[in-house]
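Data first, discussion second: the structure below is written as structure tokens.
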Amino acid sequence: MTEGEDEKMTHRWQKDADGILIFTGLFSAALAAFLTVSVQDLKPNSQDTSAFYLANIYQLLADPNISRASILSTQPPQFSPQNSAVLVNSLWFLSLVISLTSALLATMLQQWARRFLS
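When we follow our numbering, the leftmost residue of the sequence shown carries the number 313, and every step to the right adds one.
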């Protein structure tokens, strides 16, 4: 009698793990889409750097009396991402890690259930 109950319980766990795997797969795919968009906020914008250098070139060409050393020695402004962008991306990555960990645990549960039933 207990073996039959064990089998029923194990089958339920396998079905639950199937649902968890489906959900975590879809959730991870959605998170990956959000991450690819939001991770851009953590990198410097190459257009800003190009605009800085183009402005320097324009100044050199517009006024030949400006010393080239002063313009060439200037560096583009240092980039630092906003705190909110860092926080949001940290939470996205944390969500992805938790989702993938739960998928791994569900897979391990399924393997254990197969071995238990055999």
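By construction, the Cβ of each residue, glycine as well, lies at the ideal position given by its N, Cα and C atoms.
- Contact between the stretch 315–335 and the stretch 354–367 is absent: fewer than 3 CB-CB pairs across the two stretches fall below 8 Å.
- When the five nearest sequence neighbours on each side are left out, the beta carbons in the same chain lying within less than 7 Å of the beta carbon of residue 407 are those of 343, in order along the chain.
- The residues 404, in chain order, have a CB closer than 6 Å to that of residue 347 in the same chain once the five nearest residues on each side in sequence are set aside.
- For residue 340, the number of other beta carbons within 10 angstroms of its own is at least 16, and it is reported as buried.
- Beta-carbon to beta-carbon, residue 322 and residue 425 are separated by about 5 Å, close enough to satisfy the 8 Å threshold.
- Where residue 320 is concerned, the enclosing alpha helix (DSSP H) starts and stops at 314–350.
- For residue 423, the enclosing alpha helix (DSSP H) covers residues 395–429.
- Annotation: the continuous alpha helix (DSSP H) that includes residue 361 extends over 358–374.
- When the beta-carbon positions are compared, residue 338 and residue 397 stay at least 8 Å from each other.
- Judged by beta-carbon spacing, residue 319 lies within the 8 Å limit of residue 429, meaning their Cβ atoms are closer than that value.
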